[in-house]
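Protein chains in written order, with the UniProt record's numbering: chain S, 1 to 212; chain G, 1 to 357.
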């Protein structure tokens, strides 16, 4: 299938926060309660539509454990978007965000869009990180933010799509140079101009809270 | 009783060289099948039950007892209960040394700090064990989970430069399964009856075949760039054109010795061959340089070759998907056959296989 753009994503965050489950929900529309541990990296792809353009998302899902870090780091380069995931029921995964962020910023290109994702918001009774804390962290570090539930398929589409819309805006504003593949964007063979000029671009912010 | 016969054959054998050869041939030809003494055979391959010319198998009992005692010692060594240390201290001179035994003390020698470290390590291991073979009831029981936890914990403590790495539990679990199956079948045999866990631990202590010690990039590159170019140049060029980096899929293939690519029983058949093939395990002191992974490399190439049709017909996204999710295979033994054949003739191409549609 032809596409206008290909965006490369990377999913990062501590082990067990639900990175692979988010990907599986996004690409296959299903949830696996006990997911295999990711060894190294996993891969997924899906076509989405942004402002009338077909955009192919190529997603690298990385292993969370420290011992894989040297391998997973190489995937930052050449990524246009990153989903930085923590588990709202495990506070330590929230504490580790700073390290993840430093790592991401150090090894990625400066135009990479980072989406902070507080996953497992279906487990509200076991919540250890409030929505406000997540939002505050995101604001402080200039990230976009959503809470998701891979289990209930809440905000999963939004997390991937919203990131893509921001990348698309950056392309339109000339912030991302599409001729340089290191920026994580590849031009496909379908037209890249907005096909329907009457259609309003939908850049409105999705509601960040899920389950609420 | 088949297993007892098999076992007696080994015990009675006075010619250890031909015994070892016989076992290797059996394993490489996939004829270990449902053997109920596979755990003993693996121990021979991995050098835990060494065969030497003079003594044959006579020293095995002593060796096993020795290994068991060693494991017991390791359990004791790493079982830290600061309260006990405290109690022991206070009974001696009736004063609790607060600087030493205060849970909040930052001192390195504070038993509490190691206690906290240990429970942190245990937590990490338990978190991964929760996700181990969810569809396989054997691995879900508390008993098995506890065995695995203890073995991994002690191994990590003993090898703290490496410590626990994700995937180790998936290397350990098929070994545990094999030992358990054998133990059930052979329970009349006193030899295998009690406290098998120490032997299992010994196995993993020596199992340094995976990527922790060997640079995974090197192996992955050798497989996809050097070996595949010689064996299937067309596929080699295609994977380059599709910009498939070798370590993306080979990291998992090699690190878990194909445990994720096949059903656990099929993986065990591959392990029969891999363990029997690599004499390095049987060296006096196993070091990573002794471990010859060439069979693993050739099996990987055979696996690539097996799905060549669908790879050649696909774009890079689909290629990656195919490589990350290997299709079901009827008989994994074809990979061993082809790997052996291919290794013996380093400069010839792989023969074409049944096309995969």
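Quick reminder that beta carbons are idealized off the backbone N, C-alpha and C, glycines included. Keep in mind it's a predicted model, so treat the numbers as computed, not measured.
For residue 57 of chain S, there are no neighbours in chain G by C-beta distance under 8 angstroms, as the nearest C-beta there is about 10 angstroms away. Taken atom to atom, the span from the alpha-carbon of residue 115 of chain S to that of residue 107 of chain S is near 16 angstroms.
Within 7 angstroms of the CB of residue 45 of chain S, the CB atoms of chain G belong to 317, in sequence order along the chain. Of S:66, S:52, S:75, S:148, the smallest CA-CA separation from residue 42 of chain S is found for S:75. Taking 7 angstroms as the cut-off, the Cβ atoms of residue 81 of chain S and residue 167 of chain S count as close.
The three-state secondary structure of residue 58 of chain S, taken from DSSP, is strand. Identification of residues in the region 129-141 of chain G having a C-beta nearer than 7 angstroms to some C-beta of chain S yields 131, 134, given in sequence order. For residue 113 of chain S, the secondary structure class from DSSP, reduced to helix, strand or coil, is strand. Sequence-distant Cβ neighbours of residue 154 of chain G in its own chain, meaning closer than 7 angstroms and more than five residues away, are 74, 75, 78, 201. Shown here for residue 228 of chain G: same chain residues with a beta carbon closer than 7 angstroms to its own, the five before and five after excluded, namely 235, 236, 301, 304 in chain order.
Using a 10 angstroms sphere on the CB of residue 338 of chain G, the tally of other CB atoms reaches 16 or more, which defines it as buried.
With a cutoff of 7 angstroms on beta-carbon distance, residue 37 of chain G and residue 6 of chain G are scored as near each other. 7 angstroms or more divides the Cβ of residue 129 of chain S from the Cβ of residue 73 of chain S. Remark: C-beta atoms of residue 159 of chain S and residue 148 of chain S approach each other more closely than 7 angstroms.
Inclusion of residue 117 of chain S and residue 156 of chain S in the CB contact set at 7 angstroms is not warranted, their separation being larger than that value. The alpha-carbon of residue 66 of chain S is positioned some 26 angstroms away from that of residue 140 of chain G. Interface residue (Cβ-Cβ distance to chain G less than 7 angstroms): residue 81 of chain S is not classified as such. In this structure, residue 216 of chain G lies near residue 251 of chain G, with their beta-carbon atoms less than 7 angstroms apart. In the structure shown, residue 125 of chain G adopts helical secondary structure according to DSSP, grouped into three states. Closer than 9 angstroms at the C-beta level to chain S, one finds these residues of the region 151-166 of chain G: 162, 163, 164, 165, 166. Residue-level contact by beta carbon holds for residue 320 of chain G and chain S, with a gap shorter than 7 angstroms.
Residue burial is scored here from C-beta neighbours: residue 120 of chain S has at least 16 other C-beta atoms within 10 angstroms and is therefore classed as buried. Within the region 32-76 of chain S, the runs of alpha helix (DSSP H) at least 4 residues long that lie entirely inside it are, in chain order, 69-72.
Contact of residue 304 of chain G with chain S is not assigned, every C-beta pair being separated by 7 angstroms or more. The beta carbon of residue 27 of chain G sits closer than 6 angstroms to those of 272, 273, 276, all from its chain and outside the five residues before and after it, given in chain order. About 18 angstroms separates the beta carbons of residue 40 of chain S and residue 27 of chain S, which is beyond the 8 angstroms limit, so they are not a contact pair. Only 245, 247, 248, 249 from the region 236-249 of chain G bring a Cβ to less than 9 angstroms from some Cβ of chain S.
Non-local beta-carbon contacts of residue 223 of chain G in its own chain, meaning distances under 7 angstroms to residues more than five positions away in sequence, involve 246, 250, 297, 300, 301 in chain order.
Of all residues in the region 21-49 of chain S, only 32, 33, 34, 35, 36, 37, 38, 39, 40, 41, 42, 43, 44, 45 come within less than 9 angstroms of chain G when Cβ atoms are compared, listed by chain position. The count of Cβ pairs closer than 8 angstroms, one atom from the region 8-20 of chain S and one from the region 58-65 of chain S, reaches three, so the stretches are in contact. Where residue 64 of chain G is concerned, the enclosing alpha helix (DSSP H) starts and stops at 60-78.
Of the residues assessed, residue 136 of chain G falls on the exposed side of the cut-off, its CB having fewer than 16 other CB atoms within 10 angstroms. Beyond the five residues adjoining it in sequence on each side, residue 113 of chain S comes within less than 6 angstroms, by CB distance, of 81, 163, 166, 167 in the same chain, given in chain order.
At a cut-off of 7 angstroms between beta carbons, residue 338 of chain G makes no contact with chain S. In the assembly as shown, residue 79 of chain S is a buried residue. Its beta-carbon has 16 or more other beta-carbons within 10 Å. In the three-state reduction of the DSSP assignment, residue 82 of chain S falls in the strand class, which pools E and B.
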